[in-house]
Amino acid sequence: MQPVSILVLGLAGVGKTLFAKAFSELLDSYGEATCLVNLDPAVVEVPYDPDVDIRDYVSYESVIREYQLGPNGALILSCDLISEHLNRIVSDIEAFSADYIVVDTPGQMELFIMREISSEVVSSLSRMSSVIGVFLVSAPALMKVDSMLTSLVMSKIAEFRLNIPMYTIINKVDLLSDEDKRRIASLLSSYEELRDVVLTQVLESSDRYRVIATSLLKLLEETGLPHPLTEVSAMDGRGLEAFYSALDQAYFR
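Going by numbering that gives the first Met the number 0, the first residue of the sequence shown is number 0, and it counts up by one from there.
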């Protein structure tokens, strides 16, 4: 069977790097052949020893000096320069003969998702593996309904841009009480309940705000809420085994 490449995605601060580390360690503990890839050329340190590292080919600091760019411009160009080294990156990955390739993507999601490099990465990995996305959402952010709606829509945007199966995972559940987790799970398991809560919240808002909220809800109604929804904590490991079991059943059974 083909290996599975897992693109770890999400907004800045949702815990992508720690999830990539924790999930790779879980795979290792089950004896799975795993390749952990750092695809962020600007990160200074990561809490793991990457098997394949884009920083071996693209240096953010060198880009700043060579092109005389500011921090943001250098970030954009560094991510774009990944495309020049994709063949070598894929070759490095293939050398591991891994069943699972876990790809830690750039911290600023828009630098990856909203640029052509994301499609090029998917295309390159698709030649040697099945490619899926894991879209991480921060559990504390889901305590506000508007943030919950935004996170769900961002997951759909990522799925649309990359055109790959997308698993939405709630990370940092260790920061929530059991009551808060039950409330979030209830909202995310029923479109009707989510819709009613959102519409109630926006009753006193401007007409424009209500129109936007209604349109976003319509998108979720037509495309569906994330299912199955997995709750994890990359910090203490809860939920990671359930996600591993789901992938194992889907791709290796």
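Note that CB positions come from ideal geometry on N, CA and C, so glycine has one too.
Taking the beta carbon of residue i as the centre, do at least 16 other beta carbons fall within 10 Å, making it buried, or is it exposed?
i: T16; result: buried
i: Y59; result: buried
i: T167; result: buried
i: Y99; result: buried
i: K264; result: The question about residue 264 has no answer, for the chain in this structure spans 0 to 252.
i: D39; result: buried
i: T104; result: buried
i: G9; result: buried
i: A263; result: This structure cannot speak to residue 263, because the chain is shown only from 0 to 252.
i: P46; result: exposed
i: E203; result: exposed
i: M113; result: exposed
Between which two residues does the alpha helix (DSSP H) holding residue i run?
i: M0; result: Where M0 is concerned, there is no enclosing alpha helix (DSSP H), given that its DSSP letter is neither H nor E.
i: V201; result: Counting along the chain, V201 falls outside any alpha helix (DSSP H), and DSSP gives it neither H nor E.
i: I92; result: L85 to E93
i: S123; result: E115 to S125
i: V152; result: V144 to L161
i: I211; result: D206 to T222
i: L186; result: D177 to S188
i: L74; result: P70 to D79
i: E24; result: K15 to S28
Does DSSP put residue i in a helix, a strand or coil?
i: E60; result: helix
i: T167; result: strand
i: G132; result: strand
i: S244; result: helix
i: E230; result: strand
i: D52; result: strand
i: V196; result: helix
i: S96; result: coil
i: L141; result: helix
i: L239; result: helix
Where do the ends of the beta strand (DSSP E) carrying residue i lie?
i: T104; result: Taken as a continuous stretch (DSSP letters only), T104 belongs to no beta strand (DSSP E), as it is neither H nor E.
i: L174; result: Premise fails: L174 is in no beta strand (DSSP E) and is neither H nor E.
i: L35; result: T33 to N37
Spatial neighbours of residue i within its chain, please: CB distance less than 8 Å, with the 5 preceding and 5 following residues excluded, ordered by chain position.
i: K171; result: V13, G14, S137, A138, P139, S232, A233 and M234
i: I163; result: L6, V121, V130, I131 and G132
i: S154; result: F134, V136, M165, T167 and P225
i: L85; result: E119, V120 and S123
i: L110; result: L74, I75 and C78
i: G72; result: Y66
i: E192; result: S185 and L186
i: R181; result: none
Should residue i be flagged as near chain B, meaning a C-beta pair shorter than 8 Å?
i: K217; result: No chain B appears in the structure shown, which is made up of a single protein chain.
Once the 5 residues before and after residue i are set aside, which same chain residues still bring their CB inside 7 Å of it?
i: V51; result: C34, V36, I88, D91 and I92
i: D179; result: M142
i: S82; result: I116 and E119
i: R209; result: V201
i: R194; result: L216
i: S128; result: Q1, P2, V3, S4 and I100
Does the ligand GDP have even one heavy atom less than 7 Å from the beta-carbon of residue i?
i: L219; result: Ligands in the displayed structure: none, and consequently the ligand GDP is not present.
If residue i sits next to residue j, beta carbons under 8 Å apart, how far is it from one beta carbon to the other, in whole angstroms?
i: V57; j: G106; result: Their Cβ separation, rounded to whole angstroms, is 15 Å, which puts V57 and G106 out of contact at 8 Å.
i: A212; j: V201; result: 5 Å
i: T229; j: F242; result: 5 Å
i: F95; j: A11; result: With a Cβ gap of about 28 Å, F95 and A11 do not count as contacting.
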